[in-house]
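Trainee: Converting from the sequence shown to the numbering used here requires adding 1050 to each position, the first position being numbered 1. Even glycine gets a Cβ: it sits at the ideal position worked out from N, Cα and C. Have a look at this one before I ask anything.
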Amino acid sequence: MKAIFITEAGGPEVLKLKEAEKPSPTENEVLIKVKAVGVNRSDILTRENPDAYGDDLPSAQIPGLEVAGIVEEVNSQNSKFKVGDKVCALVAGGGYAEYSCVDERLCLPIPEGLNFTEAASLPEVIFTVWFNLFQQAKLKKEESLLIHGGTSGVGVMGLQIANALGISTYATAGSSEKIDFLKKIGVSKAIHYKEEDFQEVLKDEKLDVILDMVGGDYTNKNLKLLQPKGRLVNINAMKSAEVMIDLWQVISKNLILTGSLLKPQPVEVKAKIAEEVETEIWPLFKAEKIKPFVYKTFPLEKAGEAHDLMESSSHIGKIVLEL
Ligand SMILES: NC(=O)c1ccc[n+]([C@@H]2O[C@H](COP(=O)([O-])OP(=O)(O)OC[C@H]3O[C@@H](n4cnc5c(N)ncnc54)[C@H](OP(=O)(O)O)[C@@H]3O)[C@@H](O)[C@H]2O)c1
């Protein structure tokens, strides 16, 4: 089969299309003929530092965390899937390829009415949102949520899901076009962080949960903005991970400061997320309360161009590779 390999640590040019051995499903896995694969910021980090997760994870040299396609082989007795089913799945690497094997618990049926490209844009961002906002931060109806990087793949889906569940949303982003987009998807206040100080704009809002991927000087501002019993969840620290925090904010307001990495979580943790996502989130697609936003697609062999676009940060929503 054809696959995109990270040939060495480096820029988008190290991504090369090569021949690879077609994988075979082990027990309780399905083999998916991949039709589309979502691109994530994490793929860039993997490309820059391919050994970051050690050799334990499969296909360390082939990036890609989410795929959509057709089940070609099923290797379990009582599988809920059969050959020919259209599915999307969370994979722990190896997605930029014609075939991918995945534990069937991490496969979901493609929501009605969505094509492969749209479906491939969902698993990584929805699992991340569910794990961090709902399982960890226990975000509830009628609370309020701020997402930094509001037009990232994660941001766009997190904001839509929160709005659909009756949570008021706030977001920051880095261009006027992004701000207009955020208002169109129902964000109460969208802050152009290059022109305004988000802490100043939001100082009178009551924020319960903040999802942050920026870190650095955002951290103390986030802690100051949270109301008592608020929760700050970091899923990255793109500006800086080294921060001197004002612990008094945490102590005096009974705040929770947490974070996580989805990729190295045990399969049982991911399976529980998948189960809850299918029950709680999948119906929101059917009810047309949320939808995928695919900004641009590229053929698999142009994965480097897709990474260039993602690194420019000019996109809104998701970038997808098609096969
Ligand atoms: N921990 C986990 O398990 C997990 C899982 C999935 C994703 N993530 C993280 O969540 C974030 C979103 O992922 P994604 O794939 O949806 O990313 P994405 O679509 O590439 O979006 C990232 C956005 O962050 C904004 N940003 C803000 N400050 C930035 C900075 N200092 N450097 C670069 N970009 C900055 C950029 O938009 P503007 O600056 O223009 O607003 C950019 O478009 C990433 O940081 C990713 O690593 C973590």
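#1: Verify the contact flag: Val1117, CB atom, against every heavy atom of ligand 1, threshold strictly below 7 angstroms.
#2: Using the Cα positions of Gly1061 and Tyr1345, report the straight-line distance between them to the nearest angstrom.
#3: Quick check on Leu1334: does DSSP put it in helix, strand or coil?
#4: State yes or no: is the C-beta of Ser1092 within less than 8 angstroms of the C-beta of Lys1313?
#5: Helix, strand or coil for Asp1093 per DSSP?
#6: Which residues does DSSP list as the beta-bridge partners of Thr1222?
#7: For Ala1070 versus Ala1147, is the C-beta spacing smaller than 8 angstroms?
#8: I need the straight-line Cα distance from Glu1098 to Ala1059, nearest angstrom please.
#9: Please go through the same chain and pick out, in chain order, the residues whose beta-carbon is closer than 8 angstroms to the beta-carbon of Val1283, but skip the five residues on each side of it.
#10: Kindly indicate which residue of Val1137, Gln1127 and Met1051 has the alpha-carbon position closest to the one of Ser1324.
#11: What are the start and end residues of each continuous alpha helix (DSSP H) run of 4 or more residues lying completely inside the region 1232 to 1308, in chain order?
#12: Taking only the alpha-carbon atoms, compute the straight-line gap between Glu1192 and Leu1305 and give it to the nearest angstrom.
#13: Does Pro1159 come out as helix, strand or coil in the three-state DSSP assignment?
#14: In the DSSP assignment, what are the bridge partners of Lys1228?
#15: Could you please give me the residues that DSSP links to Phe1348 through a beta bridge?
#16: Taking 8 angstroms as the cut-off, decide whether the C-beta atoms of Asn1128 and Thr1076 are in contact.
#17: Got a sec? Which residues, its chain only, sit under 6 angstroms from Trp1332 by beta carbon, not counting five neighbours each side?
#18: I need the DSSP call for Gly1205, collapsed to helix, strand or coil.
#19: Answer yes or no: do Val1175 and Ile1369 have a C-beta to C-beta separation smaller than 8 angstroms?
#20: Taking the alpha-carbon positions, what's the Ser1218 to Lys1253 distance?
#21: With DSSP collapsed to three states, give me the class of Ala1321.
Mentor: Well, looking at it:
#1: No, the Cβ of Val1117 stays beyond 7 angstroms of every heavy atom of ligand 1.
#2: Approximately 22 angstroms between the Cα atoms of the pair.
#3: If DSSP states are grouped into helix, strand and coil, Leu1334 belongs with the helices.
#4: Their beta carbons are under 8 angstroms apart, which means Ser1092 touches Lys1313 by this criterion.
#5: Reduced to three states, the DSSP call for Asp1093 is helix.
#6: Secondary-structure assignment with DSSP links Thr1222 through a beta bridge to Ile1241.
#7: Closer than 8 angstroms, so yes.
#8: Their backbone Cα atoms lie some 5 angstroms apart in a straight line.
#9: Apart from the 5 residues on each side of it in sequence, Val1283 sits with its Cβ closer than 8 angstroms to the Cβ of Asn1182, Leu1183, Gln1186, Ala1187, Val1259, Ile1260, Leu1261, Asp1262, Thr1308, Gly1309 and Ser1310 in its chain, given in chain order.
#10: Ser is not the amino acid found at residue 1324; the sequence shown has Ala there. If we check each option's Cα against that of Ala1324, Val1137 comes out closest.
#11: Runs of the alpha helix (DSSP H) lying entirely within the region 1232 to 1308 and spanning at least 4 residues, in chain order: 1248 to 1251, 1268 to 1275 and 1297 to 1303.
#12: Their backbone Cα atoms lie some 18 angstroms apart in a straight line.
#13: Here Pro1159 sits in strand by DSSP.
#14: Bridge partners of Lys1228: none, in fact.
#15: Residue pairing by DSSP places Phe1348 opposite Leu1371 in a beta bridge.
#16: In this structure, Asn1128 lies away from Thr1076, with their beta-carbon atoms at least 8 angstroms apart.
#17: The beta carbon of Trp1332 is closer than 6 angstroms to those of Pro1161 in its chain, skipping five residues each way along the sequence.
#18: Look at Gly1205 here: in three-state DSSP terms it is helix.
#19: When the beta-carbon positions are compared, Val1175 and Ile1369 stay at least 8 angstroms from each other.
#20: Rounded to the nearest angstrom, the gap between the Cα atoms of Ser1218 and Lys1253 is 16 angstroms.
#21: DSSP places Ala1321 in the helix class (H, G or I) of the three-state scheme.
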